[in-house]
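The structure under discussion appears below in the form of structure tokens.
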Amino acid sequence: MITAERKPFDEILELVDGHKKILVAGCDTCVAICLTGGEKEAEILASELRIKAQADGREVEVEHTAAIRQCEWEYLDMIAARVEEADVVLSMACGIGIQSLAEKFAPKLVMPAVNTNMLGMPQEHAVWLERCVACGECRIGLTGGICPVVRCSKSLMNGPCGGSHDGKCEVTTPEKEDIECAWALIWERLKAQGREELMFADRPPKDWSKSSSGGPRKMVREEAKPV
Amino acid sequence: MSDNGYKAGSNLEKILTAGTFAVTGECGPPKSADGSVIEQKAKLLKGYVDAVNITDNQTAVVRVCSMASGYAAQQNGVEAIMQMTCRDRNRLAMQADILGAATLGIKNILCLTGDHMSFGNHPEARGVHDLDAINLIKMYRDMRDEKKFQCGDEMAVEPRLYIGCAENPFGDPFELRALRLKKKVEAGADFMQTQCIFNVPKFKEWMKEVRALGLHQEVKILAGITPIKGAGMANYMKKFVPGMDVPQEIVDRVAAKEKGEPQQAEGKKLAVEMIKELAEVEGVAGVHIMAVEWEPAVPEIVEAAGLMPRPAVA
Chain A
920 MITAERKPFD EILELVDGHK KILVAGCDTC VAICLTGGEK EAEILASELR IKAQADGREV
980 EVEHTAAIRQ CEWEYLDMIA ARVEEADVVL SMACGIGIQS LAEKFAPKLV MPAVNTNMLG
1040 MPQEHAVWLE RCVACGECRI GLTGGICPVV RCSKSLMNGP CGGSHDGKCE VTTPEKEDIE
1100 CAWALIWERL KAQGREELMF ADRPPKDWSK SSSGGPRKMV REEAKPV
Chain B
7 MSDNGYKAGS NLEKILTAGT FAVTGECGPP KSADGSVIEQ KAKLLKGYVD AVNITDNQTA
67 VVRVCSMASG YAAQQNGVEA IMQMTCRDRN RLAMQADILG AATLGIKNIL CLTGDHMSFG
127 NHPEARGVHD LDAINLIKMY RDMRDEKKFQ CGDEMAVEPR LYIGCAENPF GDPFELRALR
187 LKKKVEAGAD FMQTQCIFNV PKFKEWMKEV RALGLHQEVK ILAGITPIKG AGMANYMKKF
247 VPGMDVPQEI VDRVAAKEKG EPQQAEGKKL AVEMIKELAE VEGVAGVHIM AVEWEPAVPE
307 IVEAAGLMPR PAVA
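Sequence lines, in order, name chains A and B.
Sequential numbering from 920 applies to the first sequence in this note's numbering.
Sequential numbering from 7 applies to the second sequence in this note's numbering.
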């Protein structure tokens, strides 16, 4: 899923500084599952903003709402009336949702209340790990189902660098002590699958034009278009 | 291959091809536009090494680029081995830079992944990693041997390069280390330099695997030596430098001496002993002496190891 973290409160305050009618808009899909930007979190942020405004002696109206998915036009229609009333919308959706909202209601001022950070997997309750960067050219069939593009700190395609130590990445620091060496994991997985020879397969340079390096991407499924 | 039978015709290639035990050194360019630093370091090493590695933003800290520094080293009489990391350049820049280096007379290139940005002084930098070191070796080999850019376009005049790589016998998983060198050799590496060796038994174990794969006959292997300047440095390398394996007895041996000159002397003595021991290992074609910010120690070590005079090559 797409994960996001709420921005520091002071940064959010700066983004809405001077506005009288603020709508905090949550999204009840990915960011709700990662406990960052669902309706409940939107309600909490709205309360914090009201309390802060009261403490500062400012007159500000803060409301909250949530769309089932901010990234789809039809769900945005459902919150249109609330959006229209606000001077500024603080979106708690991922970057896709925020931009959909901003585009749908342009030129309405829409500000991000979260930093979208990854395509992650919930490893355990309240812990997410990055698993994909949407590079557009998936080769994990050759790497035991483990992605070296995102899980190797240097996106190496041909095995571990010299900094791999005891299964850990050289980037391992006290703050990031959990980084596993992707290539150590790949090697173990390939061995378990009896496919060790894949470790030594020729892996030509990656085609990054299929990633965001190739410019904004667009997908059209002709066969799925309405007739 | 060119008319004279050499791939690049560098001193290093000629010495290694002749089967002579090679000595390479290392120079870190300065962290400012001071053009005199490389000149001074080159003058110190001239005549004592066959070629000198010019590091490329080593440990992810910004320095004078390896191309300009390599050119300066050569202007001052020491052949350069220009280092090139995949961290700071994409394939366009890596090809443009090698063409530029070749026009400046640089013939040896060392293809590296590069230390991660998080270790350096710009941890917020975006890492490029368009290619990895193995892709890079292959790209340069194709430029040289096929006169082709990575995209397949042809070029009129190829860069004549002696292509090097690095390998860390002390990285994990150990069972992959010799096999990874094999991959680099298949990609086109002509010579390789190892990470600093302090754990000699482990290095020998790795060399056994290298020989079992026949790699010592396909690539010239230079064993990495770092003279220890003091117990503080030994401890630092043991604890903080990625991929280093410094046995405690090495730290203790240096620490047993008094700080300053006695510890330095012990470090140099240790380096000389190691060179002599590693030179006996079958398949070791030379040594690569990395005297980090301690270049003045190199002549003495090379002399004491019995590696002087360095061969004059035509």
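The C-beta atom is built at its ideal place from N, Cα and C for all residues, glycine as well.
Note that the coordinates shown come from a computational prediction; the quantities given were computed from them, not determined experimentally.
Reduced DSSP secondary structure (H/G/I, E/B, other) of residue i
| i | result |
| --- | --- |
| residue 1059 (chain A) | helix |
| residue 940 (chain A) | strand |
| residue 280 (chain B) | helix |
| residue 114 (chain B) | strand |
| residue 315 (chain B) | coil |
| residue 305 (chain B) | helix |
| residue 78 (chain B) | helix |
| residue 222 (chain B) | helix |
| residue 182 (chain B) | helix |
| residue 201 (chain B) | strand |
| residue 1036 (chain A) | strand |
| residue 123 (chain B) | helix |
| residue 1030 (chain A) | strand |
| residue 1143 (chain A) | helix |
| residue 1114 (chain A) | coil |
| residue 168 (chain B) | strand |
| residue 19 (chain B) | helix |
| residue 300 (chain B) | coil |
| residue 137 (chain B) | coil |
| residue 28 (chain B) | strand |
| residue 1137 (chain A) | coil |
| residue 1050 (chain A) | strand |
Interface partners of residue i on chain A, CB under 9 Å
| i | result |
| --- | --- |
| residue 328 (chain B) | The structure shown has nothing for residue 328 (chain B), since chain B only spans 7 to 320. |
| residue 249 (chain B) | 1080, 1081, 1082, 1083, 1084 and 1089 |
| residue 119 (chain B) | 1073, 1075, 1080, 1081 and 1082 |
Cross-chain neighbours of residue i in chain B, by beta carbon under 9 Å
| i | result |
| --- | --- |
| residue 1086 (chain A) | 178 and 179 |
Beta-carbon proximity list for residue i, same chain, < 8 Å, skipping 5 on both sides
| i | result |
| --- | --- |
| residue 249 (chain B) | 174, 176, 177 and 201 |
| residue 228 (chain B) | 28, 30, 197, 198, 199, 200, 290, 291, 292, 293 and 294 |
| residue 959 (chain A) | 945 and 951 |
| residue 315 (chain B) | 53 |
| residue 983 (chain A) | 942, 943, 944, 945, 958, 961, 962, 964 and 965 |
Close Cβ partners of residue i (< 6 Å) along its chain, the five nearest in sequence each way excluded
| i | result |
| --- | --- |
| residue 988 (chain A) | 948 and 994 |
| residue 67 (chain B) | 126 and 127 |
| residue 61 (chain B) | 34 and 89 |
| residue 1023 (chain A) | 995 |
| residue 1040 (chain A) | 1048 and 1050 |
| residue 980 (chain A) | 940 |
| residue 239 (chain B) | none |
| residue 77 (chain B) | 110 |
Burial state of residue i, where buried means 16 or more other Cβ atoms lie within 10 Å
| i | result |
| --- | --- |
| residue 272 (chain B) | buried |
| residue 145 (chain B) | buried |
| residue 179 (chain B) | buried |
| residue 992 (chain A) | exposed |
| residue 1135 (chain A) | exposed |
| residue 935 (chain A) | buried |
| residue 242 (chain B) | exposed |
| residue 1070 (chain A) | buried |
| residue 957 (chain A) | buried |
| residue 1035 (chain A) | buried |
| residue 1138 (chain A) | exposed |
| residue 910 (chain A) | A question about residue 910 (chain A) goes unanswered here, because the residues of chain A that appear run from 920 up to 1146. |
| residue 246 (chain B) | exposed |
| residue 161 (chain B) | exposed |
Partners in chain B for residue i, counting only beta-carbon separations shorter than 8 Å
| i | result |
| --- | --- |
| residue 1036 (chain A) | Under the 8 Å cutoff, chain B gives no residues; its nearest Cβ is about 15 Å from residue 1036 (chain A). |
| residue 1124 (chain A) | 97, 136, 137, 141, 145 and 156 |
| residue 1127 (chain A) | 136 |
| residue 1119 (chain A) | 185, 188 and 189 |
Listed by chain order, chain B residues near residue i by CB distance under 7 Å
| i | result |
| --- | --- |
| residue 1074 (chain A) | 135 |
| residue 1090 (chain A) | 122 and 124 |
| residue 1103 (chain A) | 178 and 179 |
| residue 1106 (chain A) | 179 and 182 |
Residues near residue i by beta carbon distance below 7 Å, same chain, minus five either side
| i | result |
| --- | --- |
| residue 303 (chain B) | 233, 274 and 297 |
| residue 21 (chain B) | 28, 56, 317 and 319 |
| residue 79 (chain B) | 33, 44, 48, 58, 60 and 86 |
| residue 1106 (chain A) | 1118 |
| residue 17 (chain B) | 56, 57, 85 and 319 |
| residue 169 (chain B) | 115, 117, 143, 146, 147, 194, 195 and 196 |
| residue 1077 (chain A) | 1122 |
Cross-chain neighbours of residue i in chain A, by beta carbon under 7 Å
| i | result |
| --- | --- |
| residue 201 (chain B) | 1081 |
Discussion item. Report the start-end ranges of each alpha helix (DSSP H) in the stretch 953 to 1023 of chain A that is 4 residues or longer and not cut off at the edges.
Written reply: Inside the stretch 953 to 1023 of chain A, DSSP marks whole alpha helix (DSSP H) runs of 4 or more residues at positions 958 to 975, 992 to 996, 999 to 1004 and 1014 to 1023, from first to last along the chain.
Worksheet item: Taking the runs of the alpha helix (DSSP H) that are 4 residues or longer, which of them lie wholly in the stretch 1052 to 1109 of chain A?
Response: 1067 to 1070, all fully within the stretch 1052 to 1109 of chain A.
Worksheet item: Which parts of the stretch 46 to 106 of chain B are runs of the beta strand (DSSP E), unbroken and 3 residues or longer, counting only runs that do not cross its ends?
Response: Complete beta strand (DSSP E) runs here, min 3: 57 to 60 and 86 to 91.
Discussion item. Could you tell me which whole beta strand (DSSP E) segments of length 3 or greater appear in the stretch 225 to 284 of chain B?
Written reply: Taking only runs of at least 3 residues, the beta strand (DSSP E) segments lying wholly in the stretch 225 to 284 of chain B are 226 to 231.
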